[in-house]
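For reference, the structure discussed in these notes is given below.
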Amino acid sequence: KEKHKILHRLLQDST
Amino acid sequence: SHLLLVEPDKIFAMADPTTSDTDDKVLTTLCDLADRELVVLISWAKHIPGFSTLSLGDQMGLLQSAWMEVLILGVVFRSLPYDEGLVYADDLIMEREQCRTVGLLDLYCTLLQLIAKYRKLQLDKEEFVTLKAMALANSDSMNIENIEAIQNLQDILHEALQEYEKNRHLEDPHRGGKLLMTLPLLRQTANKAVQCFRRIMAEGRVTMHKLFLEMLEAKV
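In the order they appear, the protein sequences are chains P and W.
Position one of the first sequence corresponds to residue 1 (this note's numbering), numbered consecutively onward.
Position one of the second sequence corresponds to residue 1 (this note's numbering), numbered consecutively onward.
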């Protein structure tokens, strides 16, 4: 998951 | 109707007006557009009923496998009214010659084949939004933890499509099947597109933004 950190972050964003 | 409501607003390519129109500039504009569309696509996915309740890992798996199919369906739908032009955005319509000079002729030809299929079917907006969600749910990702939850998502979307066709397209009882039978060519086209952009990435001709790079690398 470390490799896909932007996707990970965007999915966790509530907006 | 829910999918119609959560359909994202238009995105413009907004090519840099300060530089001249070289082949690499067109590719840069295209990659920049794709990067911004990906941000929108990820937030769109969260509005598909059932998507947000999947595990984070499964959400990532579906998006990493299907993102290019979803982007391509958008280009295809926007291009339906045009003859032989690819509407990447309202301000970025590419015709054969331009696609050829930037090295995307092969992709252009495959996209035209896909557009012709949907044009023949007269794909409507309701079907377009449902197919997009189906492409995501049916991504055949190798890294799925909860297969049952994904199956449930597919069934809900399938049911919505069947219900819609039963009410709106009574004249053709095979229409739903015809739409689903376009999905193999969509996958084939998306794979070709990923290969094209990976090649462009390897050549180092254009600067790509991080999310686009991340997704290109994630799709094995």
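Beta carbons: idealized from backbone N, C-alpha and C, even for Gly.
Quick one: Cα of residue i to Cα of residue j, how far?
i, j, result
"threonine 19 (chain W)", "valine 26 (chain W)", "11 angstroms"
"threonine 189 (chain W)", "cysteine 99 (chain W)", "15 angstroms"
"alanine 149 (chain W)", "aspartate 58 (chain W)", "9 angstroms"
"glutamine 151 (chain W)", "serine 52 (chain W)", "15 angstroms"
"arginine 198 (chain W)", "glycine 74 (chain W)", "20 angstroms"
"leucine 121 (chain W)", "arginine 78 (chain W)", "15 angstroms"
"leucine 80 (chain W)", "arginine 119 (chain W)", "6 angstroms"
"leucine 63 (chain W)", "isoleucine 42 (chain W)", "8 angstroms"
"arginine 187 (chain W)", "arginine 168 (chain W)", "27 angstroms"
"methionine 201 (chain W)", "glutamate 171 (chain W)", "47 angstroms"
"lysine 10 (chain W)", "alanine 89 (chain W)", "8 angstroms"
"glutamate 97 (chain W)", "alanine 218 (chain W)", "31 angstroms"
"aspartate 155 (chain W)", "threonine 101 (chain W)", "43 angstroms"
"methionine 215 (chain W)", "aspartate 16 (chain W)", "24 angstroms"
"glutamate 37 (chain W)", "isoleucine 72 (chain W)", "11 angstroms"
"leucine 114 (chain W)", "serine 1 (chain W)", "25 angstroms"
Is it buried or exposed for residue i, if we count other Cβ within 10 angstroms and need 16 for buried?
i, result
"glycine 177 (chain W)", "exposed"
"glutamine 162 (chain W)", "exposed"
"leucine 3 (chain W)", "buried"
"glutamate 138 (chain W)", "The question names glutamate, but residue 138 (chain W) in the sequence shown is asparagine. Its Cβ being crowded by 16 or more others within 10 Å, asparagine 138 (chain W) is buried."
"arginine 175 (chain W)", "buried"
"glutamate 127 (chain W)", "buried"
"aspartate 32 (chain W)", "buried"
"isoleucine 48 (chain W)", "buried"
"methionine 94 (chain W)", "buried"
Against residue i, what residues of chain P qualify as contacts under a CB-to-CB distance less than 8 angstroms, listed in chain order?
i, result
"lysine 210 (chain W)", "Ile6"
Just tell me which of the options has its CA closest to the CA of residue i.
i, options, result
"leucine 105 (chain W)", "W:Glu171, W:Asp58, W:Glu84 and W:Leu54", "W:Glu84"
"histidine 209 (chain W)", "W:Leu30, W:Ser139, W:Glu145 and W:Met14", "W:Leu30"
"asparagine 143 (chain W)", "W:Leu153, W:Pro184, W:Leu183 and W:Met60", "W:Met60"
"alanine 135 (chain W)", "W:Glu165, W:Leu153, W:Tyr82 and W:Pro8", "W:Leu153"
Just the chain P side, please: which residues come within less than 7 angstroms of residue i by C-beta, in chain order?
i, result
"alanine 218 (chain W)", "His4"
Name the chain P residues that come within less than 9 angstroms of residue i, Cβ to Cβ?
i, result
"methionine 215 (chain W)", "His4, Ile6 and Leu7"
"alanine 56 (chain W)", "Note on residue identity: the sequence assigns leucine, not alanine, to residue 56 (chain W). Under the 9 angstroms cutoff, chain P gives Lys1, His8, Leu11 and Gln12."
"leucine 121 (chain W)", "None at all; the shortest Cβ gap to chain P is about 32 angstroms."
"isoleucine 150 (chain W)", "Within chain P, no residue comes near isoleucine 150 (chain W); the closest Cβ sits about 16 angstroms away, beyond 9 angstroms."
Worksheet item: Counting pairs of beta carbons, one from the segment 167-183 of chain W and one from the segment 125-137 of chain W, are three or more of them closer than 8 angstroms?
Response: yes
Discussion item. Counting beta carbon pairs with one atom in the segment 22-39 of chain W and one in the segment 196-215 of chain W, are three or more of them shorter than 8 angstroms?
Written reply: yes
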